[in-house]
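Below is one structure; the comments refer to it alone.
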Amino acid sequence: MNRYREAVNRKSDMRVDVDSLEELFRAVTTTADLSPEHIEALSTNRYMKANFFSFPSVATCLDPLRDLALDMRASLAVVDEKRRISRLLRVIGTLENAGILLSFVDPVNYCMFSGYIVTSFFPVRPQGTLEETYLAFRDDLRHLGSVAGIRRVTDVDRALCALWMERTHWETDVQVKAIKKQFDKDPEIMRLRLERSGVLPLFRKDPLAVAEELLEFNHRVAGKFGREALEAIVYDRRDKRRLNPCYEARFLDKCRDLPELTDLCGELNSAWRTGSECIHPRGRPSERAVRKLVTLARRLRDKSLGSTRS
9 MNRYREAVNR KSDMRVDVDS LEELFRAVTT TADLSPEHIE ALSTNRYMKA
59 NFFSFPSVAT CLDPLRDLAL DMRASLAVVD EKRRISRLLR VIGTLENAGI
109 LLSFVDPVNY CMFSGYIVTS FFPVRPQGTL EETYLAFRDD LRHLGSVAGI
159 RRVTDVDRAL CALWMERTHW ETDVQVKAIK KQFDKDPEIM RLRLERSGVL
209 PLFRKDPLAV AEELLEFNHR VAGKFGREAL EAIVYDRRDK RRLNPCYEAR
259 FLDKCRDLPE LTDLCGELNS AWRTGSECIH PRGRPSERAV RKLVTLARRL
309 RDKSLGSTRS
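Each residue of the sequence shown is one higher than the last, beginning at 9 in my numbering.
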């Protein structure tokens with residue numbers, strides 16, 4: 009929390025009086041409906057100033073507030089969260105505004121929602137509606153909080169916001185740099201980022217397709233999959249000829265047993281060595297060599313398919 013306050017104070021165009029706002033909104037979670045006073049607290053600079061969001065005026069919100077009579081009691085939080093957020097959006101317009109208000113109304117169960125955080129820093133699961141997107145983000149933060157022993161979801165969010173606001177100091181401030189490094193290496197953060205990146209379904213494909221798609225991003229990893237594909241092609245050909253499938257035999261010897269590969273022994277041997285360099289920690293395969301390996305595997309695969317069709 010102190011880090012969040014420090015990060016806010018560093019920004020000349022931002023001010024948040026967290027303690028006063030939480031005190032003001034505390035009654036909303038027990039007995040009171042959301043009132044014009046609460047909207048005014050956020051729409052003026054009395055407690056909060058930030059140039060990254062625009063809170064609506066009280067006059068704009070009066071009619072929908074009167075019509076909807078929003079009941080924000082914490083005891084009703086889990087009854088129909090999507091409906092509550094949907095009705096709140098009708099009053100204050102945006103998911104960012106709804107998140108800010110909810111983070112003060114019920115800091116244990118809700119948090120702010122920043123487009124900067126969810127697009128550049130902490131990827132959120134794709135959802136069908138705005139309400140579902142917000143709740144998915146909240147659930148992620150709740151999980152991180154449970155792992156770290158942080159009870160309030162909004163405190164997890166403020167920690168993320170603080171680190172994001174300190175991004176200009178990630179490389180210059182020793183303490184901030186250490187926190188950012190710890191964050192990036194956190195097992196849960198790494199798992200969520202990998203899961204949300206959309207890359208995992210790629211590995212359901214066959215090794216050659218994976219190698220081809222990874223070439224532009226990490227040629228060393230692409231080479232590992234390319235070697236697996238190349239070996240599978242050679243074994244498949246040997247199986248069809250009912251040759252001895254002795255796995256311990258040298259790869260090049262396996263290729264020499266196949267007449268259609270005799271002229272390619274030089275390329276195959278070079279490709280195999282490249283694949284081995286990709287696997288071993290001290291190997292230094294060049295991108296050009298890996299590209300040759302993957303291209304050769306594709307050539308042999310396509311040729312095999314052509315022979316099968318004919």
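All C-beta atoms in this analysis are idealised placements derived from N, C-alpha and C, irrespective of residue type, glycine included.
Span separating the alpha-carbon of residue i from that of residue j
{"i": "residue 268", "j": "residue 242", "result": "11 Å"}
{"i": "residue 49", "j": "residue 29", "result": "8 Å"}
{"i": "residue 220", "j": "residue 35", "result": "59 Å"}
{"i": "residue 121", "j": "residue 111", "result": "9 Å"}
{"i": "residue 172", "j": "residue 182", "result": "16 Å"}
{"i": "residue 285", "j": "residue 116", "result": "51 Å"}
{"i": "residue 141", "j": "residue 147", "result": "10 Å"}
{"i": "residue 51", "j": "residue 98", "result": "16 Å"}
{"i": "residue 290", "j": "residue 281", "result": "13 Å"}
{"i": "residue 234", "j": "residue 193", "result": "28 Å"}
{"i": "residue 274", "j": "residue 292", "result": "20 Å"}
{"i": "residue 222", "j": "residue 166", "result": "36 Å"}
{"i": "residue 45", "j": "residue 72", "result": "15 Å"}
{"i": "residue 270", "j": "residue 277", "result": "11 Å"}
{"i": "residue 218", "j": "residue 272", "result": "24 Å"}
{"i": "residue 190", "j": "residue 174", "result": "15 Å"}
{"i": "residue 224", "j": "residue 101", "result": "42 Å"}
{"i": "residue 240", "j": "residue 214", "result": "11 Å"}
{"i": "residue 295", "j": "residue 229", "result": "11 Å"}
{"i": "residue 65", "j": "residue 42", "result": "14 Å"}
{"i": "residue 9", "j": "residue 198", "result": "Interpretation of residue 9 is limited by its pLDDT of 49, a score under 50 that renders its predicted location unreliable; the figure taken from the coordinates is listed afterwards. For residue 9 and residue 198, the distance between alpha carbons rounds to 23 Å."}
{"i": "residue 212", "j": "residue 67", "result": "55 Å"}
{"i": "residue 206", "j": "residue 31", "result": "41 Å"}
{"i": "residue 310", "j": "residue 63", "result": "60 Å"}
Residue j beta carbon less than 7 Å from that of residue i
{"i": "residue 287", "j": "residue 232", "result": "yes"}
{"i": "residue 169", "j": "residue 149", "result": "no"}
{"i": "residue 216", "j": "residue 305", "result": "yes"}
{"i": "residue 301", "j": "residue 283", "result": "yes"}
{"i": "residue 152", "j": "residue 196", "result": "yes"}
{"i": "residue 69", "j": "residue 47", "result": "yes"}
{"i": "residue 298", "j": "residue 227", "result": "yes"}
{"i": "residue 113", "j": "residue 33", "result": "yes"}
Minimum Cβ-Cβ distance from residue i to chain B less than 7 Å
{"i": "residue 199", "result": "The structure shown contains no chain B, having only a single protein chain."}
Own chain partners of residue i with C-beta closer than 6 Å, once the 5 adjacent residues on each side are dropped
{"i": "residue 245", "result": "266"}
{"i": "residue 96", "result": "106"}
{"i": "residue 26", "result": "none"}
{"i": "residue 158", "result": "164"}
{"i": "residue 129", "result": "172"}
{"i": "residue 108", "result": "120"}
{"i": "residue 138", "result": "103"}
{"i": "residue 236", "result": "215"}
{"i": "residue 188", "result": "178"}
Alpha helix (DSSP H) segment containing residue i, residue limits
{"i": "residue 231", "result": "227–248"}
{"i": "residue 46", "result": "44–51"}
{"i": "residue 107", "result": "103–113"}
{"i": "residue 29", "result": "26–33"}
{"i": "residue 1", "result": "Within the shown structure, residues of the chain are numbered from 9 to 318, placing residue 1 beyond reach of any answer."}
{"i": "residue 267", "result": "Premise fails: residue 267 is in no alpha helix (DSSP H) and is neither H nor E."}
{"i": "residue 278", "result": "273–287"}
{"i": "residue 210", "result": "No alpha helix (DSSP H) contains residue 210, which DSSP labels as neither H nor E."}
{"i": "residue 293", "result": "Residue 293 -> no alpha helix (DSSP H), and no H or E assigned at all."}
{"i": "residue 116", "result": "Neither: residue 116 is in no alpha helix (DSSP H) and is coded neither H nor E."}
{"i": "residue 223", "result": "Residue 223 -> no alpha helix (DSSP H), and no H or E assigned at all."}
Own chain, CB closer than 8 Å to residue i, minus 5 neighbours either side, in chain order
{"i": "residue 123", "result": "104"}
{"i": "residue 204", "result": "131, 132 and 133"}
{"i": "residue 179", "result": "185"}
{"i": "residue 208", "result": "202"}
Neighbourhood of residue i by C-beta, 7 Å cutoff - its chain only, sequence neighbours within 5 removed
{"i": "residue 279", "result": "238, 300, 301 and 304"}
{"i": "residue 177", "result": "184"}
{"i": "residue 145", "result": "121, 126 and 132"}
{"i": "residue 201", "result": "131"}
{"i": "residue 135", "result": "141 and 144"}
Whole alpha helix (DSSP H) elements within the stretch 168–205, 4-residue minimum: 182–193 and 195–204
Run through the stretch 124–157 for me and flag every whole alpha helix (DSSP H) of 4 or more residues, listed as ranges in chain order. 138–156
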